[in-house]
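These protein sequence lines are chains A and B, in that order.
Using this note's numbering, read the first sequence as starting at 851 and increasing by one per residue.
Using this note's numbering, read the second sequence as starting at 211 and increasing by one per residue.
Note that the Cβ used here is the ideal one computed from N, Cα and C, for glycine as well.
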Amino acid sequence: RKEVEQDPGPFNVPEGATVAFNCTYSNSASQSFFWYRQDCRKEPKLLMSVYSSGNEDGRFTAQLNRASQYISLLIRDSKLSDSATYLCVVMDNTGKLIFGQGTTLQVKP
Amino acid sequence: EPEVTQTPSHQVTQMGQEVILRCVPISNHLYFYWYRQILGQKVEFLVSFYNNEISEKSEIFDDQFSVERPDGSNFTLKIRSTKLEDSAMYFCASRSLAGGPWGTDTQYFGPGTRLTVL
Numbered sequence: 851r852k853e854v855e856q857d858p859g860p861f862n863v864p865e866g867a868t869v870a871f872n873c874t875y876s877n878s879a880s881q882s883f884f885w886y887r888q889d890c891r892k893e894p895k896l897l898m899s900v901y902s903s904g905n906e907d908g909r910f911t912a913q914l915n916r917a918s919q920y921i922s923l924l925i926r927d928s929k930l931s932d933s934a935t936y937l938c939v940v941m942d943n944t945g946k947l948i949f950g951q952g953t954t955l956q957v958k959p
Numbered sequence: 211e212p213e214v215t216q217t218p219s220h221q222v223t224q225m226g227q228e229v230i231l232r233c234v235p236i237s238n239h240l241y242f243y244w245y246r247q248i249l250g251q252k253v254e255f256l257v258s259f260y261n262n263e264i265s266e267k268s269e270i271f272d273d274q275f276s277v278e279r280p281d282g283s284n285f286t287l288k289i290r291s292t293k294l295e296d297s298a299m300y301f302c303a304s305r306s307l308a309g310g311p312w313g314t315d316t317q318y319f320g321p322g323t324r325l326t327v328l
């Protein structure tokens with residue numbers, strides 16, 4: 851089983867749509883959880899950390915279910931500039947980051 | 211806003227040659243990492259470094275790889291004898307001390323060095 855598993859997509863959505871990404875992780879000892887965004891041939895950039903209580907940052911909402919080892923990201927009112935690859939990332943108990951394959955989002959006018 | 215910097219942005223080398231990739235982490239950070247991303251694949255952990263020694267290394271980080279913090283600012287990754295399969299994007303990342311080795315502080319990534327081995 852992959853350590854962090856994501857649907858690679860691509861997700862093709864119109865501007866203004868709501869889109870949801872899901873992710874599962876295998877190591878129950880994982881400490882911290884993140885969504886990073888990666889543009890083509892660029893470095894990963896932190897989008898948001900993910901907490902069990904759920905957290906929201908503008909149009910972005912992240913959820914963590916530790917019991918199911920499941921992480922989600924919801925993007926509301928999609929913009930053209932949201933087009934990117936979204937990386938589900940888990941920090942293990944040694945401090946290193948474990949990345950999912952990424953989910954590609956293409957927002958179209 | 212402080213940022214991680216990396217040089218060079220692109221390195222082309224012949225198979226069997228040595229390369230040194232350089233990183234300048236954020237100044238008050240004390241945990242340093244190298245990751246790599248082969249084209250079309252996921253980002254993979256290579257090595258973590260703290261207090262002037264390796265904390266953890268992956269299976270990828272074999273005897274051909276080494277890391278060093280030669281002074282107070284630079285953090286380098288050396289590949290002694292490059293192979294074709296070393297061609298990838300190499301990202302340096304750093305994290306502050308708060309939260310300890312498994313703390314929740316964010317790892318900040320540099321822009322990467324694209325290594326092409328011919």
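Which chain A residues are close to valine 277/B, counting only those with a beta carbon under 9 Å from its beta carbon? Position 67 of the second sequence holds residue 277/B. Per Cβ cutoff of 9 Å: no residues; valine 277/B is ~14 Å from chain A at best.
Quick one: list the residues of chain B neighbouring glutamine 951/A, beta-carbon separation under 9 Å, in chain order. Indexing the first sequence from 1 puts residue 951/A at position 101. Going along chain B in sequence order, the residues near glutamine 951/A (Cβ under 9 Å) are Gln251, Lys252.
Alpha carbon to alpha carbon, what distance is there between serine 928/A and alanine 867/A? Looking up residue 867/A in the first sequence gives position 17. Looking up residue 928/A in the first sequence gives position 78. Those two C-alpha atoms are separated by around 5 Å.
Under 8 Å between C-beta atoms, does threonine 944/A make it to chain B? Reading the first sequence from its first residue, position 94 is the one you call residue 944/A. Yes, because at least one Cβ of chain B sits closer than 8 Å to the Cβ of threonine 944/A.
Which whole-angstrom value is the C-beta distance of isoleucine 230/B and threonine 292/B, which I expect to be below 8 Å? On the second sequence, position 20 is the one that residue 230/B refers to. On the second sequence, position 82 is the one that residue 292/B refers to. So it is not a contact: roughly 11 Å between Cβ atoms.
To test your reading of the DSSP string, which unbroken beta strand (DSSP E) runs of 3 or more residues are found completely within the region 219 to 245 of chain B? 220 to 223, 229 to 234
Is cysteine 890/A buried or exposed, if buried means 16 or more other CB atoms sit within 10 Å of its CB? Mapped onto the first sequence, residue 890/A falls at position 40. Per the 10 Å Cβ criterion, exposed.
Identify every run of the beta strand (DSSP E) within the region 248 to 278 of chain B, keeping only runs that are complete inside it and at least 3 residues long; order them along the chain. 253 to 260, 263 to 267, 275 to 278
Among Ile289/B, Arg305/B, Ser304/B, Tyr318/B, which residue has its Cα nearest to the Cα of valine 222/B? The sequence position of residue 222/B within the second sequence is 12, counting from 1. Closest by alpha carbon: Ile289/B.
Same chain, Cβ closer than 7 Å to arginine 916/A, five either side skipped, listed in chain order: As a position in the first sequence, residue 916/A is number 66, starting the count at 1. Counting only Cβ-Cβ distances below 7 Å, and skipping sequence neighbours, we find Ser902.
Less than 8 Å between C-beta atoms, sequence neighbours within five positions excluded: which residues of the same chain meet that for alanine 879/A? Against the first sequence, residue 879/A aligns to sequence position 29. Result list for alanine 879/A: Asp942, Asn943, in chain order.
Distance, serine 918/A Cα to lysine 892/A Cα: By one-based count along the first sequence, residue 892/A stands at place 42. By one-based count along the first sequence, residue 918/A stands at place 68. Going by the C-alpha atoms only, they are around 32 Å apart.
Where the beta strand (DSSP E) through arginine 887/A begins and ends: Looking up residue 887/A in the first sequence gives position 37. Counting along the chain, the beta strand (DSSP E) containing arginine 887/A begins and ends at 882 to 888.
Measure how close the beta-carbons of leucine 256/B and phenylalanine 242/B come, nearest whole angstrom, since I'm counting them as under 8 Å. The sequence position of residue 256/B within the second sequence is 46, counting from 1. The sequence position of residue 242/B within the second sequence is 32, counting from 1. Leucine 256/B to phenylalanine 242/B, Cβ: 11 Å. No contact.
Mind checking who glutamine 856/A pairs with in its DSSP beta bridge? As a working note, residue 856/A is residue 6 in the first sequence. Per DSSP, Cys873/A.
Where does threonine 217/B sit, in a helix, a strand or coil, going by DSSP? Residue 217/B sits at position 7 when you count from the first residue of the second sequence. Looking at threonine 217/B - three-state DSSP - the assignment turns out to be strand.
With H, G and I counted as helix, E and B as strand and the rest as coil, what does DSSP make of glutamate 295/B? Position 85 of the second sequence, counted from the start, is the residue given in the question as residue 295/B. Three-state DSSP puts glutamate 295/B in a helix.
Under 8 Å between C-beta atoms of leucine 325/B and methionine 225/B: In the second sequence, counting from the first residue as 1, residue 325/B sits at position 115. In the second sequence, counting from the first residue as 1, residue 225/B sits at position 15. It is not a contact, given that the beta carbons lie outside the stated cut-off.
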